[in-house]
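Numbering follows my numbering, in which position 218 of the sequence shown is assigned residue number 230; successive positions increment by one, without gaps. Positions of the beta carbon are idealized from the N, C-alpha and C atoms, including for glycine. Computed from a predicted model, the values in this text were never measured in an experiment.
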Amino acid sequence: MAWSAHQYLKFEDERTRPARDLLAQVPLERVLNGYDLGCGPGNSTELLTDRYGVNVITGIDSDDDMLEKAADRLPNTRFGKADLGKWRPSHPADLLYANAVFQWVQDHLAVLSQLMDQLESGGVLAVQMPDNLEEPTHRAMRETAADGPWKNTFSDGGLHRKPLPAPSAYFEALAPKSVRVDVWHTIYNHPMKDAESIVEWVKGTGLRPYLAGAGEEHREAFLADYTRRIAAAYPPMADGRLLLRFPRLFVMAVKK
Ligand SMILES: C[S@@+](CC[C@H](N)C(=O)[O-])C[C@H]1O[C@@H](n2cnc3c(N)ncnc32)[C@H](O)[C@@H]1O
13 MAWSAHQYLK
23 FEDERTRPAR
33 DLLAQVPLER
43 VLNGYDLGCG
53 PGNSTELLTD
63 RYGVNVITGI
73 DSDDDMLEKA
83 ADRLPNTRFG
93 KADLGKWRPS
103 HPADLLYANA
113 VFQWVQDHLA
123 VLSQLMDQLE
133 SGGVLAVQMP
143 DNLEEPTHRA
153 MRETAADGPW
163 KNTFSDGGLH
173 RKPLPAPSAY
183 FEALAPKSVR
193 VDVWHTIYNH
203 PMKDAESIVE
213 WVKGTGLRPY
223 LAGAGEEHRE
233 AFLADYTRRI
243 AAAYPPMADG
253 RLLLRFPRLF
263 VMAVKK
């Protein structure tokens with residue numbers, strides 16, 4: 013299931029806002045060996061290199077298209093291909109920063125706890141993940157998948173991201189290894205032109221596995237059905253725009 017940097021970057025400003033908000037809370041003035049995990053097309057990496065310098069940050073991602081775009085954008089920054097379920101830095105890091113990726117990594121709580129062991133004392137793990145599975149965007153994906161000629165394709169249920177664990181689970185996993193753990197939610201409200209724009213947004217992320225599952229044969233019908241549900245779930249404001257509510261979970265831990 014390949015990612016598309018082009019599709020992802022259609023909403024670059026909105027998608028990079030939580031990356032900025034996460035970085036604003038990182039209490040490090042300088043970094044010598046930092047990583048942008050799930051760097052995507054380099055939008056979040058650029059925030060890190062602007063703050064800490066191009067030579068001290070490495071971007072890691074598992075997708076070739078994303079890595080190619082990232083290298084074009086930041087030609088003097090190191091990038092590497094790896095699966096974050098197994099990746100470890102070659103030597104202890106002082107910053108492990110991950111914007112909008114660990115929701116895709118199986119058993120990410122255990123992985124985050126193991127990554128704490130890869131930090132130097134005083135090093136920081138900073139993570140942001142969408143917490144939007146109960147939002148209309150994602151309910152409508154499940155409803156569309158369950159109700160159409162394609163429904164048998166989705167019978168294994170394996171397409172869905174799992175709900176995030178409760179905030180307390182992050183404290184329990186990380187606090188024994190940390191001097192400080194900070195967990196918070198922010199709910200963004202993005203004004204969107206119309207239902208089609210919301211569909212374009214999720215096509216870059218959450219809708220990808222559903223469209224891949226529906227296959228070429230059903231793709232257009234699946235999209236039409238899904239778009240109809242989105243139009244019904246997001247009523248227009250007075251100026252005609254729709255408000256896309258988007259809750260996100262932030263986690264930051266400073267290593268003991
Ligand atoms: C939603 S994008 C986030 C991009 C960027 N960090 C940002 O802040 O906008 C998620 C990225 O995580 C990558 N990804 C997903 N699962 C991964 C895994 N198991 N290991 C490494 N990268 C992964 C995808 O290829 C994609 O580039």
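Query                                                                                                                        : Result
Reduced DSSP category for residue 250 - H, G, I as helix; E, B as strand; rest coil                                          : coil
Span of the beta strand (DSSP E) around residue 68                                                                           : Segment: none, residue 68 is in no beta strand (DSSP E) and carries neither H nor E.
Stretch-stretch touch, CB-based, cutoff 8 Å, three pairs: the segment 149 to 161 with the segment 93 to 105                  : no
Spatial distance of residue 207 from residue 246 (CA atoms)                                                                  : 8 Å
CA-to-CA distance, residue 264 to residue 195, given in whole angstroms                                                      : 6 Å
Host alpha helix (DSSP H) of residue 223 (start-end)                                                                         : 220 to 245
DSSP-derived helix/strand/coil call for residue 179                                                                          : helix
Reference residue 145, options 50, 94, 175 and 219, closest by Cα                                                            : 175
Own chain, CB closer than 7 Å to residue 133, minus 5 neighbours either side, in chain order                                 : 267 and 268
Residues of its chain near residue 139, where Cβ-Cβ distance is below 6 Å and the 5 sequence neighbours each way are ignored : 110, 114 and 263
Identity of the residue in 85, 39 and 231 nearest residue 191 by Cα                                                          : 39
Buried versus exposed call for residue 24 [16 or more other C-beta atoms within 10 Å across all chains shown]                : exposed
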